[in-house]
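Notes follow once the structure below has been shown.
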Amino acid sequence: MSSHKNNGQKMKQRHSPYSTGTWKERKQGLIPPPPNQNPSGPPESDLPPGGGYNNESLSNDYIPDPEGGRREKKFGNRARVYIGNLPRGMTEEELMELFSPHGEVSRVYLEKEKNFGFARMAYRDQAMKAISSLNGINLKGRELRVRFAASSCSVKVSNLHPTVSNELLFNAFGTFGEVEHAVVVTDERGKSLGHGFVDFAKKTQAMAAIDRCRQGVFLLTKSPVPVVVSELVRENEDDGLAERDINKSAQYHYERDSIPRMAVPGTPEFDFGMRFKELYDNEQRSKEQLDKTLKETRERLEAEMEQFKHHEHANVLRLQLAEYQKEQELIQQRLHRHEQFIRGPPPPGGPPLHILPPPPPHMMPGQPLLPPGPPRPPQPPQPLLAINDTPPRGPVPPNPLIARPAHGPPSVPGNVPTFLLPSPGGQLLPPPIPPS
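When we follow the UniProt record's numbering, the leftmost residue of the sequence shown carries the number 1, and every step to the right adds one.
Right under this line is the structure:
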């Protein structure tokens, strides 16, 4: 039990790469990252069968990402820049001098025969500054094309629960290797869209995460819905495809021979266009029907899961109720023994102490009330004492209207049997012997 509790505490401590500070302080970079424990990352065998994640692979090379309070590794793949259309005769030293004013550069790679290269900046914001400054400039008669380099070390994670955050995603996938960056995609209102991206330091780590999640069931929260991990193909939505980047092949010249237009009804291109539109509509209807079927299946599975949770919760309540009833029985037994100890042993020849005498007949359930007794004689009026009068001296004469019991002190009712009255010695009197 103690080991399970300690494991739970460790899991709570690993929930975030930051141990202290608020989200605003982490976003502004006021909270330093934890010290490096294992820069190489844990091996794949560190992932326990029941889930869990390792947060010890973080190092001082990570800084808060200003985009969302996330962590970014120094000289990571996210800060790798592609440079195309380089002039002939370009050297690595010149390429290094070209990027150095925009930030710290780790290394550059130059493919002289194909006129392109790569530069690895320290952080992504420095790479963005270099791209915005160098893309499209004229260098030795050539217009440079500078953009972020495509990475094969990233994976897409789907079926994320709405409670999964960037930090949880970062820590969870740290079991497969060194994670450089992890983000949960949200809409403009900050609501999770159910998928995210994870950038690894090496391609082998990304492929290991894909293979292990396909073969097993990887859960991030208490929900038994597993995540789906696939290879990420990023889309360039910022720069797009410029005219200068298109290959001017024969197919290009053939297709671009016509200008944009609306097809004229009755022509072959109009007929083929309408047939393609019908195909699009059928495809859309098939997708909608498939989505509807999958949604109904998912809802049935979720309802079955909720019913299972309800039964499990009911079983837990039954066990707790049985334990509570058992504890109450033990308490009643202890109270009974305690009362017997206080009362002591029963007197010889008398009834047990826990047995009380029966109530009078008129107090039995279902019996009519006693009829009222004879009326009392009227009491003569007493003379009022004046202010100067003194009370009479001597004993007060007894009042004949006050009835006394036949036996026992005045405080004892007269209908109590004699043998139940306490004797002067403190013991119960023996029951009377009937006359022979």
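Note that beta-carbon positions come from the ideal geometry of N, C-alpha and C, so glycine has one too. Keep in mind that this is a model prediction, so the values were computed, not measured.
What residue from the options has the CA that sits closest to residue i's CA?
{"i": "Phe-176", "options": "Met-207, His-161, Lys-191 and Leu-160", "result": "Met-207"}
{"i": "Phe-75", "options": "Gly-194, Lys-202 and Ile-210", "result": "Lys-202"}
{"i": "Gly-117", "options": "Tyr-82, His-102, Ser-132 and Ser-106", "result": "Tyr-82"}
{"i": "Leu-160", "options": "Leu-220, Gly-136, Pro-101 and Phe-270", "result": "Leu-220"}
{"i": "Ala-150", "options": "Ala-79, Val-105, Gln-332 and Leu-279", "result": "Ala-79"}
{"i": "Thr-204", "options": "Val-184, Lys-191 and Cys-153", "result": "Cys-153"}
{"i": "Lys-309", "options": "Lys-222, Ala-130, Ser-192 and Pro-101", "result": "Lys-222"}
{"i": "Pro-224", "options": "Thr-267, Pro-378 and Ala-303", "result": "Ala-303"}
At the level of alpha carbons, what is the spacing between residue i and residue j?
{"i": "Glu-243", "j": "Gln-215", "result": "44 Å"}
{"i": "Ser-249", "j": "Gly-141", "result": "23 Å"}
{"i": "Val-179", "j": "Val-229", "result": "15 Å"}
{"i": "Val-108", "j": "Ala-119", "result": "4 Å"}
{"i": "Glu-283", "j": "Leu-294", "result": "16 Å"}
{"i": "Lys-292", "j": "Leu-241", "result": "35 Å"}
{"i": "Arg-124", "j": "Lys-73", "result": "9 Å"}
{"i": "Asn-115", "j": "Met-90", "result": "8 Å"}
{"i": "Glu-323", "j": "Val-316", "result": "11 Å"}
{"i": "Asn-85", "j": "Cys-213", "result": "40 Å"}
{"i": "Leu-301", "j": "Glu-288", "result": "20 Å"}
{"i": "Met-128", "j": "Gly-103", "result": "10 Å"}
{"i": "Gln-320", "j": "Ala-314", "result": "10 Å"}
Take the Cβ of residue i as the centre, count every other Cβ of all protein chains shown within 10 Å, and call the residue buried at 16 or more, exposed below.
{"i": "Ala-263", "result": "exposed"}
{"i": "Arg-88", "result": "exposed"}
{"i": "Ile-259", "result": "exposed"}
{"i": "Ile-246", "result": "exposed"}
{"i": "Phe-200", "result": "buried"}
{"i": "Met-121", "result": "buried"}
{"i": "Leu-330", "result": "exposed"}
{"i": "Phe-270", "result": "exposed"}
{"i": "Val-184", "result": "buried"}
{"i": "Ile-131", "result": "buried"}
{"i": "Phe-218", "result": "buried"}
Could you pull out every residue in the same chain whose Cβ sits closer than 8 Å to the Cβ of residue i, ignoring the five residues on either side in sequence?
{"i": "Val-157", "result": "Leu-169, Phe-173, His-195, Gly-196, Phe-197, Val-198, Val-227, Val-228 and Val-229"}
{"i": "Phe-341", "result": "none"}
{"i": "Pro-209", "result": "At residue 209 the sequence reads Ala, which differs from the Pro that was named. Once the five neighbours on either side are set aside, the close Cβ partners of Ala-209 are Val-155, Phe-173, Phe-176, Gly-177, Val-198, Phe-200 and Val-229."}
{"i": "Ser-133", "result": "His-102"}
In chain order, what residues of the same chain have a beta carbon less than 7 Å from the beta carbon of residue i, not counting five sequence neighbours either side?
{"i": "Glu-97", "result": "none"}
Would you say residue i touches the ligand NAD, meaning its beta carbon is less than 6 Å from a heavy atom?
{"i": "Ser-249", "result": "The ligand NAD is not part of the structure shown, which contains no ligands of any sort."}
Going along the chain, which residues of its own chain have a beta-carbon closer than 6 Å to the beta-carbon of residue i, five neighbours each way excluded?
{"i": "Arg-145", "result": "Gly-84 and Asn-85"}
- the stretch 183–196 contacting the stretch 149–165, beta-carbon criterion three pairs below 8 Å: Yes: at least three Cβ pairs fall under 8 Å.
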